[in-house]
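What follows is a set of notes on a single structure, which appears directly below.
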């Protein structure tokens with residue numbers, strides 16, 4: 291059965307086994323503090339083995355997602371059968387619905403079966419991202435453009451994110467869908483991630499100075515990196531150069547996969563597709579009891595109408 | 008040079024796709040039968056780039072709508088092998104969808120599981136409905152232990168035969184659909200559809216009997232070219248669940264199909280909780296697919312609502 295546990299329990303039973311940044315108490319608390327959200331830990335255990343764990347944020351009566359570019363901290367144990375997965379997820383959804391009103395989750399790419407959420411009256415948004423294994427090659431055109439940038443004198447600096455002006459970055463990132471109303475919270479969150487040495491900044495410089503900056507979240511335990519945001523640039527090769535060199539940096543530093551964090555805007559997705567990543571889908575699920583109630587009633591009415599019509603013809 | 012949209016006839020369509028592996032839902036017999044039963048027109052769309060065929064889709068139209076016949080169907084989509092992974096396929100879809108939107112007020116497409124990227128539809132204001140189906144590979148007929156136990160039962164009360172007693176089958180499935188609450192108008196189309204497919208040699212039936220009395224059956228759409236079978240109608244077996252008839256009928260059908268050289272079976276749907284739970288006991292693999300729909304009126308209304316919401320949001324932001 292699903293139960294809510296405290297930080298200590300989570301730390302001893304989940305963080306210790308699921309070695310990932312997104313399940314680390316420091317990371318989770320840092321994010322929660324930045325947005326002034328409450329943090330909740332849930333586990334589903336069987337014979338003292340954790341089969342499912344989730345760390346979610348709440349704001350008042352609602353479960354919310356606060357990282358616009360990464361996923362909710364939810365994981366299912368390896369080797370779960372279809373039936374077990376459905377049982378656990380149904381239990382989890384029921385538990386959340388009992389305690390909270392609106393529920394919003396950005397499911398990790400590993401969760402491919404979202405039927406429990408559909409059955410639970412959630413609204414589903416299908417999203418995509420590109421995952422690139424760092425060891426895989428780049429298309430010739432990318433290599434050529436990156437080399438051209440190098441020849442022209444472009445250099446890459448990997449710096450701690452506190453050394454760049456996050457405020458200016460965020461202003462630039464706002465054009466990419468960053469919610470301006472929560473700039474301050476995002477700034478605090480990025481600062482908190484920087485403090486924990488999880489956030490790196492990649493800066494492309496030419497003779498004229500900095501031409502482009504990009505932020506990357508590093509989950510060293512999972513050997514994964516998340517290409518969060520990249521600023522606009524007037525230099526035509528800057529974006530290609532940063533992505534190419536960043537991948538080389540990842541290989542040197544033992545990172546095996548880069549998540550490009552979104553492939554949902556045509557222009558941006560087209561650019562990201564040029565790095566030979568694998569298109570992978572994930573889902574954002576929303577539950578609003580009012581909509582769910584309304585939809586259920588509509589469905590019932592449809593069923594009744596269907597029955598009436600079919601009986602009318604039968605008899 | 009750029010992308011070009013064309014509407015072609017059935018002969019040209021067969022010509023373009025003849026070298027590829029055309030599944031049953033793209034076969035000439037299937038298309039002709041379906042169009043005749045549902046009184047649909049054909050719309051064979053082709054998108055080329057620099058003269059090369061990138062994408063072609065045989066759609067059904069009815070009045071001002073692009074539609075699909077029923078839920079026992081996947082849209083056949085042909086994509087150039089070389090372009091499958093490239094951005095040009097997305098561009099080709101974009102060209103095709105824009106053309107359809109300019110001509111039709113409603114568009115509904117039930118995409119096959121091979122189309123995993125729904126972004127062109129999202130970007131063209133389609134609603135995306137994620138559906139699931141189970142695919143069972145016949146290489147190794149392994150089942151959940153409950154099913155294994157039933158199948159191994161020595162006391163055999165039932166007999167099984169295939170491709171016979173068609174009249175009893177039609178009557179049985181007709182009543183079965185009735186008990187599911189399927190509307191008479193749809194039911195009659197389904198029956199005509201399956202009868203038409205049977206006449207075209209695209210349907211087989213696997214029956215179960217008790218003391219030589221017909222009990223239930225599984226109706227199967229067969230795709231010999233892709234070595235795949237589809238289970239659109241799986242008959243109920245009232246009063247025989249406890250003795251394990253449904254499991255035995257599944258096992259009989261899967262074993263027979265395997266012996267005929269089929270490699271995979273699509274159990275057609277995993278979206279109704281109880282039915283999905285039962286199907287999962289045959290240890291199939293779950294696959295998602297998309298049902299996409301577009302309505303000109305709905306999009307118009309949505310756009311207006313979004314604009315109003317944005318204005319209200321801005322006002323509230325400035326007031327705060």
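Chains as they are written, first to last, in the working numbering: chain A, 291 to 605; chain B, 8 to 327. The C-beta atom is built at its ideal place from N, Cα and C for all residues, glycine as well.
Task: Short CB-CB distance (under 8 Å) between residue 449 of chain A and chain B - done: no
Open item on the list: What would DSSP say about residue 502 of chain A, mapped onto helix, strand or coil?
Closed with: Here residue 502 of chain A sits in strand by DSSP.
Task: 7 Å CB neighbourhood of residue 21 of chain B in its chain, flanking five on each side removed - done: 35
TODO: With a floor of 4 residues, list each alpha helix (DSSP H) that falls wholly inside the segment 53-90 of chain B, ordered by position along the chain.
DONE: none
Open item on the list: Pairs of beta-carbons, one from the segment 247-262 of chain B and one from the segment 115-130 of chain B, closer than 8 Å: are there three or more?
Closed with: no
Task: Under 8 Å from the C-beta of residue 409 of chain A: neighbouring residues of chain D - done: Among the chains of the structure shown, chain D does not appear; the protein chains present are A and B.
Task: Span of the beta strand (DSSP E), counted from its first residue to its last, around residue 152 of chain B - done: Where residue 152 of chain B is concerned, there is no enclosing beta strand (DSSP E), although the alpha helix (DSSP H) it sits in stretches over 152-158.
Task: For residue 553 of chain A, the three-state DSSP class (helix, strand or coil) - done: In the structure shown, residue 553 of chain A sits in coil (DSSP, three-state: anything other than H, G, I, E or B).
Task: 8 Å contact criterion, which residue 410 of chain A and residue 581 of chain A should meet: CB distance rounded - done: Not confirmed; about 12 Å, so no contact.
Open item on the list: Any contact between the segment 410-422 of chain A and the segment 547-560 of chain A? By contact I mean 3 or more CB pairs, one from each, below 8 Å.
Closed with: Short answer: they touch.
Open item on the list: Determine whether the beta carbon atoms of residue 294 of chain A and residue 325 of chain A lie at a separation below 8 Å.
Closed with: no
TODO: Look at the alpha carbon of residue 10 of chain B and the alpha carbon of residue 60 of chain B, and state the distance between them as a whole number of angstroms.
DONE: 10 Å
Open item on the list: If you reduce the DSSP assignment to three classes, tell me which class residue 269 of chain B lands in.
Closed with: In this structure, DSSP gives residue 269 of chain B a state outside helix and strand, which the three-state scheme calls coil.
TODO: Using the DSSP secondary-structure output, state which residues sit across from residue 49 of chain B in a beta bridge.
DONE: B/67
- [ ] Buried or exposed for residue 396 of chain A, please, with buried defined as at least 16 other CB atoms from any protein chain shown within 10 angstroms of its CB.
- [x] buried
- [ ] Please state if the CB of residue 271 of chain B and the CB of residue 143 of chain B are separated by a distance shorter than 8 Å.
- [x] Yes, they are a contact pair.
Open item on the list: Can you find the residues in the same chain that come closer than 7 Å, C-beta to C-beta, to residue 375 of chain A, ignoring five residues on each side of it along the sequence?
Closed with: Correct list, in chain order: 366 and 403.
- [ ] Could you tell me whether any Cβ in chain B is nearer than 8 Å to the Cβ of residue 418 of chain A?
- [x] yes
- [ ] Run the CB neighbour count on residue 405 of chain A, radius 10 Å, all protein chains shown included, and call it buried at 16 or more, exposed below.
- [x] buried
Task: Straight-line Cα distance separating residue 225 of chain B from residue 362 of chain A - done: 42 Å
Open item on the list: I'd like to check one pair, residue 532 of chain A with residue 583 of chain A: are the Cβ atoms closer than 8 Å?
Closed with: no
Open item on the list: Whole angstroms are fine: how far does the CA of residue 371 of chain A sit from the CA of residue 290 of chain B?
Closed with: Per the coordinates, the alpha-carbon of residue 290 of chain B lies some 9 Å from the alpha-carbon of residue 371 of chain A.
- [ ] Kindly say whether residue 284 of chain B, judged by its beta-carbon, lies nearer than 8 Å to any beta-carbon of chain A.
- [x] yes
TODO: Find the residues of chain B that neighbour residue 373 of chain A, judging by a C-beta separation of less than 9 Å, and give them in chain order.
DONE: 151, 284, 287 and 288
- [ ] Check residue 424 of chain A in the structure and name its three-state DSSP category.
- [x] Look at residue 424 of chain A here: in three-state DSSP terms it is coil, with no helix or strand label.
TODO: Using a cut-off of 9 Å between C-beta atoms, extract the partners of residue 597 of chain A located in chain B.
DONE: 188
Task: Beta-ladder partner(s) of residue 13 of chain B, from DSSP - done: B/53
Task: Pairwise C-alpha distance: residue 414 of chain A and residue 179 of chain B - done: Going by C-alpha positions, residue 179 of chain B is about 37 Å away from residue 414 of chain A.
- [ ] Could you work out which residues of chain A lie near residue 142 of chain B, taking near to mean beta carbons separated by less than 7 Å?
- [x] Within 7 Å Cβ-Cβ: nothing; residue 142 of chain B doesn't reach chain A, min ~13 Å.
Task: residue 373 of chain A - DSSP class collapsed to helix/strand/coil - done: helix
Open item on the list: In the DSSP output, what is residue 342 of chain A paired with across the bridge?
Closed with: A/334 and A/366
- [ ] Could you tell me whether any Cβ in chain B is nearer than 8 Å to the Cβ of residue 563 of chain A?
- [x] By this cut-off, residue 563 of chain A is an interface position.
Open item on the list: If I follow the unbroken beta strand (DSSP E) through residue 296 of chain B, where does it start and stop?
Closed with: 292-302
- [ ] Using 10 angstroms around the beta-carbon of residue 307 of chain B, count the other beta-carbons present and answer buried if the total reaches 16, otherwise exposed.
- [x] exposed
Open item on the list: Looking at chain B, is there any beta carbon in it that lies within less than 8 Å of the beta carbon of residue 604 of chain A?
Closed with: Below a pLDDT of 50, predicted positions are generally treated as unreliable, and residue 604 of chain A, at 45, falls in that range; no measurement from the model is reported.
Task: Nonlocal neighbours in the same chain, by C-beta distance under 6 Å from residue 399 of chain A, ignoring five residues either side - done: Spatial neighbours of residue 399 of chain A in its own chain (CB-CB distance under 6 Å, excluding positions within 5 residues in sequence) are listed in chain order as 570 and 572.
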